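What follows is a single structure, written as structure tokens, with notes after it.
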Amino acid sequence: MFIIELLKAIFYGIVEGITEWLPISSTGHLILVQEFIKFNQNKDFVDMFNIVIQLGAILAVIVIYFRRLNPFQPGKTAREIQITWQLWAKVVLACIPSAIFGLLLDDWMEAHFYNFVVVAFMLILYGVAFIWIEKRHQNVQPQVTSLARMSYRTAFYIGCFQVLSIVPGTSRSGATILGAILMGTSRSVAADFTFFLAIPTMFGYSGLKAVKFFIDGNTLAFSQLIILLAASVTAFIVSLYAIRFLTDYVKKHDFTVFGQYRIVLGFVLLAYWLLTLML
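Letter by letter, the sequence shown follows residues 1 to 279 of the UniProt record's numbering.
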């Protein structure tokens, strides 16, 4: 039984590692996977598991971009150090809206919106948004072509878009990428800022979920710890490839294909939901 649960955890880690960075909603996909491949664990653990395994994916960003994110990196010039500190300031500023609304609405959203149907509708809604925005910006030259040139106001507005991701199926990366493009950034800048914004956002959110898990009187069994670690390590390894894939992809392509994927998957899930109601 434990081996089966461990294999499930590894599969969940693969899904998380891919979907955390592609704008197709990691939490939404985990909810969908659990409709078909259910954990034999209590609900509180599963809810915490879905969020905490994202730390594995976040660590991949730190590893890949460590030099760029580290202001104390040997060999950096004074200007490079200044740019690094400015980047962190923009990231922290952009995290403020989601920190406020996440704390206020997390429990309510989880009770009312963490379900199959909401995920399907949000996949379709933001799929249409991706296609529409890409078509609208097809011949528009981006005003912000590097993170160093991004203003603090733009960073804050992108952080406001991140708030939308508290609804499952939205995609944190999808919401911030759409917001960044609307604010005039290039696709590569939008993707990079999304990666960096994930670090404090997901560390904070994962910490909040873990604290709530224990405050509610739950304990973490050794087998559950192994399951959590297995999924997190898998998400870390897969994320190393997913991040590189997305950074290379946006150099030559737009995000239309992800919008199309979201729409198709959303309608398939709605069809499945209607079928289950009729049976």
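Note that CB positions come from ideal geometry on N, CA and C, so glycine has one too.
Owing to the predicted nature of the structure, the values given are computational and were not obtained by experimental measurement.
Judged by beta-carbon spacing, glutamine 54 lies beyond the 7 Å limit of serine 98, meaning their Cβ atoms are not closer than that value. Check the Cα spacing between phenylalanine 195 and each of Gly266, Leu123, Ile243 and Cys160: the tightest is with Ile243. When C-beta atoms of the segment 199-208 are compared with those of the segment 49-66, three or more pairs fall below 8 Å, so the two segments count as touching. Comparing C-alpha distances from phenylalanine 49 to each of Phe245, Ala89 and Glu5 shows the shortest one belongs to Glu5. Contact between tryptophan 21 and leucine 246 holds: their C-beta atoms lie close to 5 Å from each other, under 8 Å. Exclusion of the five residues before and after valine 144 leaves Met150, Gly184, Thr185 and Val189 as the residues of its chain whose Cβ lies within less than 6 Å of its Cβ.
Valine 144 carries a strand assignment under DSSP once its states are collapsed to helix, strand and coil. Assignment of beta-bridge partners to threonine 185 by DSSP yields Val144. The three-state secondary structure of alanine 221, taken from DSSP, is coil. The beta carbons of glutamate 134 and phenylalanine 36 sit no closer together than 7 Å. A distance below 7 Å between beta-carbons, with the five flanking residues on each side excluded, links isoleucine 83 to the following residues of its chain, in chain order: Ala148. A Cβ-Cβ separation of about 26 Å leaves phenylalanine 222 out of contact with alanine 60 under the 8 Å criterion.
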